Amino acid sequence: MIPYIKFINYPEDYKWFRELIKPKPSPFVETINEDIYKTWNGEALINFKWNTYGNAVIWILFMALLGCFTVAATVPQQYIGINIQNQLFIASIILGFIHLSFEIRQFIYSPERWIREFWNIFDIIAYLLPIITSIKWLQTNDLNDHIIQLFSFSCLFLDIKFLLFFRAFESFGIYFEIIIRCKTDHLFFSSLIYYYNKFCTCVLYFIITKIRLFI
Numbered sequence: 049m050i051p052y053i054k055f056i057n058y059p060e061d062y063k064w065f066r067e068l069i070k071p072k073p074s075p076f077v078e079t080i081n082e083d084i085y086k087t088w089n090g091e092a093l094i095n096f097k098w099n100t101y102g103n104a105v106i107w108i109l110f111m112a113l114l115g116c117f118t119v120a121a122t123v124p125q126q127y128i129g130i131n132i133q134n135q136l137f138i139a140s141i142i143l144g145f146i147h148l149s150f151e152i153r154q155f156i157y158s159p160e161r162w163i164r165e166f167w168n169i170f171d172i173i174a175y176l177l178p179i180i181t182s183i184k185w186l187q188t189n190d191l192n193d194h195i196i197q198l199f200s201f202s203c204l205f206l207d208i209k210f211l212l213f214f215r216a217f218e219s220f221g222i223y224f225e226i227i228i229r230c231k232t233d234h235l236f237f238s239s240l241i242y243y244y245n246k247f248c249t250c251v252l253y254f255i256i257t258k259i260r261l262f263i
């Protein structure tokens, strides 16, 4: 039993879509004192909120963004058609802005803390790149070298963001924390990302070039 009144209750007319657009205030989000979340009761409260609401919604929205953009960016038009491809890019733009709204709310709540957290900046890049790339593709519909590079970078950041979601699980979070805390590994980690991106760009460019020969 958690001794926090109205901290875990949801209204009877609760609508998750309305909550995304205009969330109602609650004791859970209005509590300024963070000490209550350092107790066993606070941990139980966080776990309940995450398992009841955040876990499913965040995962579904991100997997939808990852799936829509990856399919639109990597599957040739001859297999999905230009209309479906454009619809997937439009869906990627909408889903990307939804994720950006989450980051904006966090920034409004505590700008200084948000800026100090490196992964918040990474999240912004991971969401902005697919949005910008999708808009550019819908405007030009030209598979040039610049668009291919944007596809590659966007997919890379989305894939890394997908892996970072596993930080929420204790068994994975420990290893992420070790990697992040080890300053001596930062250069190696950055170099690994750089060369992995170069490799993905070359592979994607090679595949698209071969496909063009058969069109």
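57 is the number that this note's numbering gives to position 9 of the sequence shown; each next residue is one higher, with no gaps. Glycine included, C-beta positions come from ideal geometry on N, C-alpha and C. Remember, predicted model here, so these are calculated numbers, not experimental data.
Assignment of Ser158 by DSSP, reduced to helix, strand and coil, places it in the coil class. Judged by DSSP secondary structure, Pro178 falls within the alpha helix (DSSP H) whose first and last residues are Phe166 to Thr188. Between Phe137 and Leu186, the CB-CB gap stays under 8 Å. Residues Leu143 of the same chain have their beta carbon placed closer than 7 Å to that of Ala112, with the five preceding and five following residues left out of the count. Ala121 is positioned such that its CB atom lies closer than 8 Å to that of Phe199. The DSSP-derived three-state label of Gly129 is coil. Here DSSP, grouped into helix, strand and coil, assigns Leu143 to helix. Asn103 and Ile195 have their C-alpha atoms roughly 33 Å apart. Note on Ser158: under 16 other CB atoms within 10 angstroms of its CB, so exposed under the neighbour-count rule. Per DSSP, reduced to three states, the secondary structure at Leu198 is helical. Check the Cα spacing between Leu211 and each of Ser182, Pro178 and Asp171: the tightest is with Asp171. Counting along the chain, the unbroken alpha helix (DSSP H) around Thr122 starts and ends at Asn103 to Thr122. Distance from the CA atom of Lys184 to the CA atom of Leu93, rounded to whole angstroms, is 43 Å.
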